[in-house]
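Encoded as structure tokens, the structure appears first; notes follow it.
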């Protein structure tokens, strides 16, 4: 296997004009175009017919994360009341106090988040305040800047209510953080269109966009086709938009994201021979991480559940290739299921930094549904790895046939 760290990101470039980037979704989600890549051949269809490209009795995995209104704006207090203070943006990245997503959204009175801060130079000291109206009551919300943690700031939020939750706070004052490449402000309809129809678990700051094409009718057709559906959770972080700035990917640091997978889902994967159809690159990263977690808990049975973390280059570790060659996907998943049962856990909660690039061996994902990604991005590397380097044929076809690109754009199903 060639060392993926030596891959030059410039080899994964293509011309993407702004006019090809879909600024809004189609009025009917499932009327989007579907590029079909099957065993090296490329054709097109309409997304509502995607079930025709799924084998009966397959297991299809969706990411059920829900985008939160993570962008908050505060006006800095100005001693001269007639003048407006500077506008400060606080962008929620991940929970810190408490660390758990479910718990932090149910917090009342106070909580702490790791955040990015826009216009930081104008917020040198002191708290930021604003009045929020929730259920007809005025709530005073305060944000205080704390320590730097990595590349983020710890921001402590407090509000004068022991009944209003933080979920209610951000629903009242936050904005859906649509991708920066849309080059427009968030609009009210983005609250609906930038969510999948099956979104349930709050935590993402970006949508798992391959899922935006699904409608209740498409899901019903998939069920009728005897395809089993299940869900995982990967909360998409702002790092998904992080560009690769180094010439080779060995010097690019992948972002880390939180994943949750139920024990029942792992058992379904085992029953399906460790194979699945993944909806979106987030589902791919979650599923493929499971193999390495299974190997980890097998080799390190004393590993604490809070310390489960897939490192960026773990799949390419030459010292572990013997284990990877000798442990099958089903064996690894069974090790993981046994580990969870031993610790009396119904849900695996872990973190993954995995990078999937050419040279990667896929263990679980056999078909993938995904949108069209930015040039020179890690997601394009993932696609290339999945189609054995055939990404240029796919993207040339999409450009020639006027497919719509990126988050609100068209979709593809990839069958290597």
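In the numbering used here, the protein residues as written are 141 to 556. The beta-carbon is built from N, C-alpha and C at its ideal position, and this holds for glycine as well. Every value quoted in this text rests on a predicted model; they were computed, and no experiment measured them.
When C-beta atoms of the segment 203 to 211 are compared with those of the segment 309 to 328, three or more pairs fall below 8 Å, so the two segments count as touching.
Taking the CA atoms as reference points, residue 448 sits about 8 Å from residue 489.
Counted as a single uninterrupted DSSP element, the beta strand (DSSP E) harbouring residue 254 occupies residues 250 to 258. Residue 472 sits in a helix when the DSSP states are folded into three classes.
A distance of 8 Å or more separates the beta carbons of residue 510 and residue 527.
Its chain contains 207, 209, 326, 330, 331, 334 as the residues whose beta carbon lies nearer than 7 Å to that of residue 316, once the 5 sequence neighbours on both sides are disregarded; these appear in chain order.
At the C-beta level, residue 371 and residue 512 stay beyond 8 Å of one another. Contact between the segment 547 to 556 and the segment 159 to 166 is present: three or more C-beta pairs spanning the two stretches fall below 8 Å. For residue 508, the three-state secondary structure derived from DSSP is strand. Going by beta carbons, residue 342 and residue 245 fall inside the 8 Å limit. Residue 299: member of the beta strand (DSSP E) spanning 292 to 299, first to last residue. Apart from the 5 residues on each side of it in sequence, residue 200 sits with its Cβ closer than 6 Å to the Cβ of 367, 369, 417 in its chain, given in chain order. Minimum Cα-Cα distance from residue 529 among the listed residues 539, 454, 496 corresponds to 496. At the C-beta level, residue 280 and residue 300 come within 8 Å of one another. Residue pairing by DSSP puts residue 270 in a beta bridge opposite 281. Between residue 532 and residue 182, the C-beta spacing is not below 8 Å. The beta carbon of residue 405 sits closer than 7 Å to the beta carbons of 370, 372 from its chain, once the five residues preceding and following it are set aside; these are given in chain order.
Going by beta carbons, residue 217 and residue 269 fall inside the 8 Å limit.
Secondary structure within the segment 163 to 248: the beta strand (DSSP E) runs of 3 or more consecutive residues, fully enclosed, are 173 to 178, 181 to 186, 199 to 203, 205 to 207, 211 to 215, 227 to 237 (chain order).
DSSP, read as helix, strand or coil, puts residue 148 in strand. Looking from the CA of residue 233, the closest CA among 192, 253, 240 belongs to 253. Residue 260 counts as exposed, since fewer than 16 other beta carbons sit within 10 angstroms of its beta carbon. Collapsing the DSSP output to three states places residue 369 in a strand. With a contact defined as Cβ atoms closer than 8 Å, residue 324 and residue 374 miss out at about 26 Å.
DSSP, read as helix, strand or coil, puts residue 499 in coil. Counting only runs of at least 3 residues, the segment 439 to 492 fully encloses the following beta strand (DSSP E) elements, listed from N- to C-terminal order: 487 to 492.
Annotation for residue 407: the continuous alpha helix (DSSP H) segment containing it runs 403 to 411. Nearest in C-alpha terms to residue 239, of all of 466, 440, 397, 423, is 397. Taken atom to atom, the span from the alpha-carbon of residue 352 to that of residue 322 is near 16 Å.
Of the candidates 356, 358, 142, 154, the residue whose Cα lies closest to the Cα of residue 516 is 154. With 16 or more other CB atoms across the displayed protein chains lying within 10 angstroms of its CB, residue 518 is buried.
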